[in-house]
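This report concerns only the one structure given below.
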Amino acid sequence: MSGALLGRAAWISAFLLLACSADATHAPYDDDGSTAWISAMLEEQLALLDPMVGASMLAGTMLVGWNGHLRRQIARRVRQEHELRAAAQSAESASRAKSDFLAVASHEIRTPLNALAGMLELGLKEAAAGQDVQHHLRVAHGAAQGLLDLIRDILDLERMDRGKLELLPQRTNLRALAQSAAQVFHGMAQDKGLPLRVEAGDDVDVDVLVDPMRIRQILFNLVSNAVKFTHAGHVTVRLRARRTQAMRLSVTLHVIDTGIGIGEADQRRLFAPYAQAPDGARVEGSSGLGLNIARRLAALMNGTLQLESTPGQGCTARFDFEADILRAPPDAGAATPACRVENSPLQILVADDNAPSRLLLRKQLEYLGHHVVQAGGGRAAWRLWRPGAYQVVITDCNMAQGSGYELVRRIRQVESTQDVAPCIVWAYTASARQDEIARCTEAGMDACLFKPVTLPDLQRRLAALPLRRDGLRAAWRQGLRFDPGAIEALAAGDGAIADRFLAALRDTSEEDAATLRQALDRQDCGAASEVLHALHGVARMIDAAALSHACVTAQQDLLDGGVAAAADACRTAQQELALLTRSVRAWIHGAPFGAGRPCPGVAQA
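All letters in the sequence shown, in the order written, are residues -24 to -1, 1 to 581 by mature numbering (1 follows the signal peptide of the UniProt record, and there is no 0).
Below is the structure:
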């Protein structure tokens, strides 16, 4: 063989060895993993060699090449098997975690539900027997509150996992916040004979920019745990702060107890989701979510949450964070708009297609002293709404008979067209969607009430509303003298029937007023009493409570002492009848764009 051929053979052999030993990830294999690219390239080169030499050389080098190729294929298969095994283990772990979550959540949900349903059942039976059921109601309320706390924790955890939980910083006084949070647990601590102290000096009596709800949530969790797991001794909430800059505060919050304590291994474990207290220390009402959420909330504030404890020697939870100090407003009182006083009832329209939810809200509002008209859907609420009739509209968002979004769009369209003072519109929703507030705001609502809403929440929000009685029509400033929702129900939702009923009510009210006046002028007790009796029946049908009460009182005074003795009561009944007539007349003429007609440019709900 000539030197040229030997050199070419050596080059081919070297190239084959290098190519076959290259990393599989860089070798351009065909889809089937073959080395056809090598053979194609060598065809031209091998053609220049002596056939026998070329064949021998090709056989040897190809064996070496295939050997390397097979090793790489085996390595790749092993790597893929490892990856598949890891993926299977991950899926199995996720499935196990899901099962654990469902088991824990199911147990923690059923426990308060059992107490809630059981106590209400006992309460109904014992109330029917005339027994006091306040204890049952208190237990049921506590169970319901525990259930709501659990749902809140689960939703918070889910938002955190998706990175969707956002802080809402606002002006907050740290000392007042700590005191109010601890106050919630005073009754619980008192029942166990535990002093619950708050140590907060002047250094924390400042306004800072933080999210008060989330700091309160962390405090609630820490103080709740401290009281639960302390059977003797005390629980102390200690708040300290120091300035790191002129307008920057470093805050340290300690919750100290003399309870059972926690070992170091258990401390690490308790910060995992659904982790429970050490064996033998678990108490009912603990889902194992609180500490995990508290630590993640602390991290969201660029803070830290740590536990320092020794078994049998109590526990200290330490929460560190920083906050910007806010200057006190120059004259906060002068800039504050006039707010509604406690004895100034509001006219409120409530729309919700869920009857229990609607009834609850109505009873809550009436308990707070407000006048309520209720509707079973968006379309019914639209028929019951009048410009200047209500100061507040509270509506569910998603209803089968017309949505709350469509309702508020119609209301805003009419207010804009007729140039009347806008009413306050609040959403009343159980939605857990993150974009719900944005959707409500875009539709024209002023705020969102997220179910469930407590009496203190409602009272605080309504009391903070600016005075807007000048936005009511004069006929309704003393309140609607009847319930349009009652007429809507009598008419079975038929707007035409409701309109005819209202027209008849207006006419008969005017006639009854004249008849009553004539009977009293004649000193005819019997005739006057008949008119009052008829008015009382109508008043009950349309929920005209003030007129109904006035008629009953006047009837009784007529029966007891005649016209002279009943003069004041009859005068009150006449005044209430006049107010009802005026209110009905204004209602008929105040329908937006005429009774039963849709708002121009707005689609039917």
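Each residue gets a CB set at the ideal place from its N, CA and C atoms; glycine is no exception.
Below 8 angstroms CB to CB, which residues in the same chain sit around residue i once its five sequence neighbours on both sides are set aside?
i	result
Gly354	Ala327, Thr371, Met375, Gln377, Gly378, Ser379, Gly380, Glu382, Leu383, Ala581
His565	none
Whole angstroms are fine: how far does the CA of residue j sit from the CA of residue i?
i	j	result
Tyr5	Glu57	Reliability of the predicted coordinates at Tyr5 is poor, the pLDDT of 45 falling under 50, and no value is obtained from them.
Ile85	Pro442	40 angstroms
Thr491	Leu335	37 angstroms
Ala274	Val199	16 angstroms
Leu141	Asp132	7 angstroms
Pro398	Arg216	46 angstroms
Gly209	Gly169	9 angstroms
residue 604	Met136	For the chain, the structure presents residues -24 to 581; residue 604 sits outside this window and is missing.
Gln340	Glu102	24 angstroms
Gly538	Gly513	22 angstroms
Ala62	Arg55	11 angstroms
Asn149	Arg386	41 angstroms
Leu478	Gly364	18 angstroms
Out of the options, point me to the one whose CA is closest to residue i's CA.
i	options	result
Leu322	Gln367, Thr292, Gln121	Gln367
Leu481	Lys427, Leu441, Gln551, Leu556	Leu556
Leu360	Ile324, Ala293, Leu172	Ile324
Thr430	Arg338, Arg48, Leu283, Ala63	Arg338
Gln282	Ala63, Ala67, Val231	Val231
Phe458	Val348, Leu126, Gly106	Val348
Asp497	Gln550, Arg436, Val390, Ala467	Gln550
Glu175	Leu229, Leu478, Leu144, Ile194	Leu229
Asp296	Ala304, Arg303, Thr280, Asp483	Thr280
Gly94	His112, Arg436, Gln155	His112
Ala562	Pro460, Gln532, Ser505, Ala545	Pro460
Gly177	Asp187, Ala154, Gln193	Ala154
Asp470	Ala356, His162, Glu284	Ala356
Arg114	Leu98, Ala104, Leu150	Leu98
Gln146	Asp544, Arg294, Ala299, Gly44	Ala299
Tyr343	Val396, Ala241, Gln532, Leu434	Leu434
Gly288	Ala64, Gly239, Asp422	Gly239
So what does DSSP say about residue i, is it helix, strand or coil?
i	result
Leu477	Checking the sequence shown, residue 477 turns out to be Phe, not Leu. Residue state, collapsed to three classes: helix.
Gln323	strand
Gln367	coil
Ile518	coil
Phe196	helix
Val54	helix
Glu284	strand
Asn43	helix
Asp255	Low confidence applies here, because Asp255 scores a pLDDT of 49, under 50, leaving its location unreliable and the question unanswered by this model.
Leu89	helix
Ser156	helix
Ala406	coil
Keeping to the same chain, check which residues put their C-beta closer than 6 angstroms to that of residue i; ignore five residues upstream and five downstream.
i	result
Glu552	Ala522, Leu523, Ala526
Leu96	Ala116
Leu92	Ala116, Ala119, Ala120
Asp233	Ala202, Thr206, Val211, Gly290, Cys291
Arg573	Confidence is the limiting factor: at Arg573 the pLDDT is only 42, short of 50, which leaves the residue's position unreliable and the question unanswerable from this model.
Ala520	Arg457, Phe458, Leu556
Leu100	none
Cys416	Ala403, Cys424
Arg151	Ala176, Val180, Asp181
Arg53	none
Span of the alpha helix (DSSP H) holding residue i?
i	result
Cys416	412 to 419
Gln221	Careful: Gln221 lies outside any alpha helix (DSSP H), inside the beta strand (DSSP E) at 211 to 221.
Arg359	354 to 360
Asn268	266 to 276
Leu431	431 to 439
Ala465	460 to 466
Might you give, ordered along the chain, the residues of its own chain that have their beta carbon closer than 7 angstroms to the beta carbon of residue i, omitting 5 neighbours on each side?
i	result
Ile301	Val182, Val184, Met223, Arg224, Leu225
Thr286	Gly237
Val507	Asp488, Thr491, Leu492, Ala495
Glu412	Thr405, Cys424
residue 618	This structure cannot settle anything about residue 618, because the visible part of the chain is limited to -24 through 581.
At which residues does the beta strand (DSSP E) containing residue i begin and terminate?
i	result
Thr234	No beta strand (DSSP E) holds Thr234; DSSP gives it neither H nor E.
Gln350	347 to 351
Leu185	183 to 186
Glu175	172 to 176
Cys399	First-last for Cys399: undefined, no H or E at that position.
Arg294	291 to 301
Leu553	Segment 543 to 565 is the alpha helix (DSSP H) holding Leu553; no beta strand (DSSP E) there.
Arg147	146 to 149
Ala208	Segment: none, Ala208 is in no beta strand (DSSP E) and carries neither H nor E.
How about residue i: is its C-beta nearer than 8 angstroms to some C-beta of chain B?
i	result
Asp433	Although the question refers to chain B, the structure presented lacks it and comprises just one protein chain.
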